[in-house]
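Step one of this worksheet: look at the structure below.
Chains as they are written, first to last, in this note's numbering: chain A, 1324 to 1632; chain B, 17 to 180.
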């Protein structure tokens, strides 16, 4: 009994240390990447956005009826990203940008993408949990009645234009919503629903618990992602600057695992991956940037001279 | 250039995350070796294209289908593709070049989907090499809009490339 308590305490400490590492590491990366106080200020803005989203999630957990504000909020965030890109420097991605200048505004827009992920995914899970009649991976009976016309309308593979080949993560949200819909439509997305590697939204600590959502979902009604976990997810340093845009449903359950590579081969794999990435970025991309810039300038100059003449 | 920039960064991020035991999703999977524009977008900056698919393309197409009905499916899909990829373009910056790049790919995705369903009905099959060459050429022409940042210059550039 005592051993299990000690193990549980260690797990909590380990998790807190990891969250702290993410927050501090993100700030350090901001300073290193930008080299100015502006980057640190931007990181501060990111942190404030994460805290605001955490409060929204807490509110949603207590008041599911506030879900109706999520779509306008998400659209506003998306417009915000677009406005930000007007003033931002996303173009710095082009032509062999030094790795230290990769971030800044790009990082903030990616942060918002991740937070929209967590907002919408937890909204869907709340919706799933509130309705006791919803079975995991099965269509909603009431919705099926009300949307029968729509379902018929969709039944001709009309949503198959952006088919999922199983490359995206299979999540409980996709399985319960998108995949359930598409399983009926035969659009190919249902393939990802059969992947056994399903992750719940944060707050559900054991992946296996997801399978009991249909019968024991009242437990999860008031669950939401904790602020610390949300910080670790949104400000995870390796993905802070320019993605990948990972989902909370993939990321948060991994906080329960030990935070080091399981074996030596895995460590070598990771180092090899970093080496390959650095070679692509620092050698192939950066080294050839000048010729491409010259080529671009030369082509433009030549074309303009021809066009004007 | 942008592929090596971005794929290199993604490799570093995924490797660094692996050092602390976190698995991040893949972002690139040989996008230039794909035989269709759809496959290109399933392997190019996957995390963003799936984000756009899940939160813009699917909701928009479902909303329009529910409102307008099945008979408008083709124009609805065209609209959904163009809007989704137009937003993806504008996300890179508010310039006509980025918007044109997004719309170029939206049109390409729609055309690819139409061709796929037509080919499936007729039992046609495009040779792999032809698909690869067409996709690569299409994507490369799209980069002209992306790199030059101005539609007029880009159109002149492309016209000159084809001897216009």
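For glycine and all other residues, C-beta sits at the position ideal for the given N, C-alpha and C.
- Comparing alpha carbon positions, the residue from 115/B, 36/B, 155/B closest to residue 49/B is 155/B.
- Taking C-alpha positions only, residue 1579/A is separated from residue 76/B by approximately 36 Å.
- When rounded, the separation of the alpha-carbon atoms in residue 119/B and residue 1366/A is 33 Å.
- With contact defined as three or more Cβ pairs closer than 8 Å, the region 113–132 of chain B and the region 152–169 of chain B are in contact.
- Within its own chain, the residues whose Cβ lies closer than 7 Å to the Cβ of residue 115/B, once the five positions on either side in sequence are excluded, are 102, 105, 106, listed in chain order.
- For residue 43/B, the secondary structure class from DSSP, reduced to helix, strand or coil, is coil.
- Using beta-carbon distances, residue 56/B does not count as an interface residue toward chain A, since no partner is under 8 Å.
- Remark: three or more beta-carbon pairs, one from each stretch, lie closer than 8 Å, so the region 1589–1598 of chain A and the region 24–42 of chain B are flagged as touching.
- Residue 37/B and residue 1341/A have their C-alpha atoms some 11 Å from each other.
- Taking a C-beta distance under 8 Å as the contact criterion, residue 44/B and residue 117/B do not qualify as a contact pair.
- Remark: C-beta atoms of residue 71/B and residue 1565/A do not approach each other more closely than 8 Å.
- Residue environment: residue 1349/A is assigned as buried (16 or more neighbouring CB atoms within 10 Å of its CB, all protein chains considered).
- Judged by beta-carbon spacing, residue 1550/A lies beyond the 8 Å limit of residue 41/B, meaning their Cβ atoms are not closer than that value.
- Only those residues of the region 138–172 of chain B whose C-beta falls short of 9 Å from the nearest C-beta of chain A are listed: 162, 163, 164, 165, 169, 172.
- Chain-ordered, the chain B residues with CB closer than 9 Å to the CB of residue 1592/A read 31, 34.
- With respect to chain B, the C-beta atom of residue 1551/A has no partner C-beta closer than 8 Å.
- A straight line joining the alpha-carbon of residue 96/B with that of residue 1436/A spans about 20 Å.
- At a Cβ-Cβ threshold of 8 Å, residue 1571/A and residue 1444/A count as neighbours.
- Look at residue 1597/A: its C-beta is under 8 Å from a C-beta on chain B.
- In this structure, the alpha-carbon of residue 55/B lies about 14 Å from that of residue 146/B.
- Here residue 1570/A carries a coil assignment [DSSP, helix/strand/coil].
- Listed along chain B are 26, 29, 30, 40, 41, 42, 43, 62, 63, each with a C-beta nearer than 8 Å to that of residue 1567/A.
- Nearest to residue 1559/A by alpha-carbon distance, out of 1330/A, 1369/A, 1329/A, is 1369/A.
- Taking a Cβ-Cβ threshold of 9 Å, the residues of chain B close to residue 1439/A are 67, 71, in chain order.
- Legend: CB atoms of the region 94–128 of chain B lying less than 9 Å from CB atoms of chain A belong to residues 96, 97, 100, 103, 106, 107, 108, 109, 110, 111, 114, 125, 126, 128.
- The straight-line gap separating the alpha-carbon atoms of residue 64/B and residue 1326/A is approximately 44 Å.
- By the Cβ neighbour-count rule, residue 1383/A is buried, with 16 or more other Cβ atoms within 10 Å of its own.
- A distance of 8 Å or more separates the beta carbons of residue 1380/A and residue 1606/A.
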